[in-house]
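Peer 1: Quick one: the structure is below, and I'll ask about it shortly.
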Amino acid sequence: MERLDKLLSSTGRWSRREVKQLVKEGRVLADGVPAAGPEQKLDPERACVQVDGETVELREFTYVMLHKPAGVLSATEDARQRTVLDLLPPELRRRGLSPVGRLDKDSEGLLLLTNDGALAHRLLAPKRHVDKVYLIRTDRPLGPADAEAFASGMTLEDGTACLPAKLEPLGDGREALVTLHEGKFHQIKRMIAGRGASVCRLKRLSMGTLVLDKNLAPGEFRPLTGEEVSKIGGKP
C-alpha cells in the first residue's frame, strides 16, 4: 500500500503539493470515489485512480530503453555537459531515473534507465556476471591471436586482471563483437590497447536479455515492454 500523493507524484506529472491541491478540489477519484486525502493508502497494482477523468497508470517503477548517442554523459546531471536525462521529457526526468551502468561519453548504444534501485544493483553486481555485447571498430584488423588473448583472460598494463571474454572479428577484422561478463572502467578500450590497437567506435548491443531496439535511432528511447521487464527481473 502506498500514499496517493507519492503514487501520483512518482509519475512525474505533478508535485506532492500539486496533488494535495488536486485532491482538495475534488479532481482525484480513487476507485470511482473522490479521494479522501493525499495520505490515502492505495494498492498501486489494483487501484484505479483518475485525475480530471483521465485514468493514471500507477506503476511503482519505470524502465526506459535509450539508444545513447555519442557525446552525451551517462549521468543524471552535469553543470557543463548534456546527460542522458537531458534527452528525456520533463515528466520522465522527474521520476528519479538513473542509468544502469555507464557508457563512455564517446560511446553509444543500449542504456537502461530506471528508478528501480534494487534491479540496478542486481544487474551491476560483479558476482552475477551479466553478459554485455558490444560492436567495436578498431584502427587495425583483429585476428585469431587477439581472440585467444581475450579468451584466456587478460591482465592489463596496470595489473588489473580481466575475466575471459569473447572477441569475434567481423569482415576484414576492423570490426568485432566483444562479449564481457564484467564491467571494469574503460575495459574494452584498455584490453584492445593491450593488443596494440585502438578503439575508434564502441556501441553496446545488449545487456543480459535486453537487446537494443533496432528501430531506435541515437537519442531515441521507449519504455520496456512487460516481457522485457520480466526477463531482466523487474516489476511489470
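Letter by letter, the sequence shown follows residues 317 to 552 in this note's numbering.
Ideal Cβ positions, reconstructed from N, Cα and C, are used throughout, including at glycine.
From a predicted model like this one, the values you see are computed outputs, not experimental measurements.
#1: What is the rounded straight-line gap between the Cα of L345 and the Cα of A363?
#2: Quick one: is S326 buried, meaning 16 or more other Cβ sit within 10 Å of its Cβ, or exposed?
#3: Using DSSP with H/G/I as helix, E/B as strand and the rest coil, what is V344?
#4: Which residue from G433, S414, R438 puts its Cα closest to that of L427?
#5: Residues bridged to S514 by DSSP?
#6: What residue ranges within the segment 343-429 form continuous beta strand (DSSP E) runs of no fewer than 3 residues, ordered along the chain?
#7: Taking three-plus beta-carbon pairs below 8 Å as touching, is the segment 523-531 in contact with the segment 493-505?
#8: Count the other CB atoms, across all protein chains shown, that sit within 10 Å of the CB of T430; report buried if there are 16 or more and exposed otherwise.
#9: Could you give the residue range of the beta strand (DSSP E) that holds E484?
#10: When the Cα atoms are used, what is the spatial distance from D422 to D321?
#11: Please report the distance separating the alpha-carbon of K482 from that of D488.
#12: Can you check whether the CB of L435 is closer than 9 Å to the CB of G550?
#13: What is the rounded straight-line gap between the Cα of D432 and the Cα of L401?
#14: Is the segment 376-387 in contact with the segment 344-359, if contact means three or more CB pairs nearer than 8 Å?
#15: Is F466 buried or exposed, if buried means 16 or more other CB atoms sit within 10 Å of its CB?
#16: Report the CB separation of G425 from L493 in whole angstroms; it is logged as a contact under 8 Å.
#17: Assess, as a yes-or-no matter, whether the segment 537-552 is touched by the segment 461-478 under the definition of 3 or more beta carbon pairs within less than 8 Å.
#18: Sort Q397, D462, E491, T392 by Cα distance to R410 and report the nearest one.
#19: Less than 8 Å between C-beta atoms, sequence neighbours within five positions excluded: which residues of the same chain meet that for P457?
#20: Since E498 and L479 are thought to touch, with beta carbons under 8 Å apart, how far apart are those beta carbons, to the nearest angstrom?
#21: Within this structure, are the beta carbons of V365 and L323 separated by less than 9 Å?
#22: As a quick exercise: from H437, M523, K357, L404, pick the residue whose alpha carbon is nearest that of L419.
#23: Inspect the beta-carbon positions of P360 and V339 and report whether they are closer than 9 Å.
#24: In the DSSP output, which residue or residues are listed as bridge partners for L451?
Peer 2: So, from the data block:
#1: Taking the first residue of the sequence shown as 1, we reach residue 345 at position 29. Taking the first residue of the sequence shown as 1, we reach residue 363 at position 47. One C-alpha to the other measures close to 10 Å.
#2: Translated into the one-based positions of the sequence shown, residue 326 becomes position 10. It counts as buried.
#3: As a working note, residue 344 is residue 28 in the sequence shown. Note: V344 maps to strand in three-state DSSP.
#4: Against the sequence shown, residue 427 aligns to sequence position 111. The residue with the shortest Cα to Cα distance from L427 is S414.
#5: For this step, residue 514 is matched to residue 198 along the sequence shown. BP columns for S514 are empty, so no partner.
#6: DSSP runs (the beta strand (DSSP E)) wholly in the segment 343-429: 344-346, 365-367, 370-372, 379-384.
#7: These segments do not touch.
#8: The count along the sequence shown starts at 1 and reaches residue 430 at position 114. That one is buried.
#9: Stepping through the sequence shown from its first residue, residue 484 is reached at position 168. It spans 482-486 - the beta strand (DSSP E) in which E484 sits, taken as one unbroken run.
#10: Translated into the one-based positions of the sequence shown, residue 422 becomes position 106. Translated into the one-based positions of the sequence shown, residue 321 becomes position 5. Going by C-alpha positions, D422 is about 40 Å away from D321.
#11: Locating residue 482 in the sequence shown gives position 166, where the first residue counts as 1. Locating residue 488 in the sequence shown gives position 172, where the first residue counts as 1. In this structure, the straight-line span from the alpha carbon of K482 to that of D488 is close to 18 Å.
#12: The residue given as residue 550 occupies position 234 in the sequence shown. The residue given as residue 435 occupies position 119 in the sequence shown. In this structure, L435 lies closer than 9 Å to G550 by Cβ.
#13: On the sequence shown, residue 432 is found 116 positions in, with the first residue counted as 1. On the sequence shown, residue 401 is found 85 positions in, with the first residue counted as 1. Looking at the backbone, the Cα of D432 and that of L401 are separated by about 16 Å.
#14: Contact between the segment 376-387 and the segment 344-359 is absent: fewer than 3 CB-CB pairs across the two stretches fall below 8 Å.
#15: Along the sequence shown, read from residue 1 onward, the residue named residue 466 stands at position 150. Of the residues assessed, F466 falls on the buried side of the cut-off, its CB having 16 or more other CB atoms within 10 angstroms.
#16: For the purposes of this step, residue 425 is identified with residue 109 of the sequence shown, where counting begins at 1. For the purposes of this step, residue 493 is identified with residue 177 of the sequence shown, where counting begins at 1. Rounded to the nearest angstrom, the Cβ distance from G425 to L493 is 12 Å, too far for a contact under 8 Å.
#17: With a cut-off of 8 Å, the segment 537-552 and the segment 461-478 do not count as touching, because too few Cβ pairs lie within range.
#18: Within the sequence shown, residue 410 is the residue found at index 94, counting from 1. When only C-alpha atoms are compared, the closest one is T392.
#19: Here residue 457 corresponds to residue number 141 of the sequence shown, with the count starting at 1. Once the five neighbours on either side are set aside, the close Cβ partners of P457 are P485, D488, G489, R490.
#20: Sequence index remark: in the sequence shown, residue 498 carries index 182 (1-based). Sequence index remark: in the sequence shown, residue 479 carries index 163 (1-based). That pair is a contact at about 5 Å.
#21: Translated into positions along the sequence shown, residue 365 becomes position 49. Translated into positions along the sequence shown, residue 323 becomes position 7. Cβ distance < 9 Å, so V365 and L323 count as in contact.
#22: Your numbering for residue 419 matches position 103 in the sequence shown. Measuring from the Cα of L419, the nearest candidate turns out to be M523.
#23: Residue 360 sits at position 44 when you count from the first residue of the sequence shown. Residue 339 sits at position 23 when you count from the first residue of the sequence shown. No. Outside cutoff.
#24: Here the question's residue 451 lines up with position 135 in the sequence shown. DSSP, once it has assigned bridges, lists L493, K519 as partnering L451.
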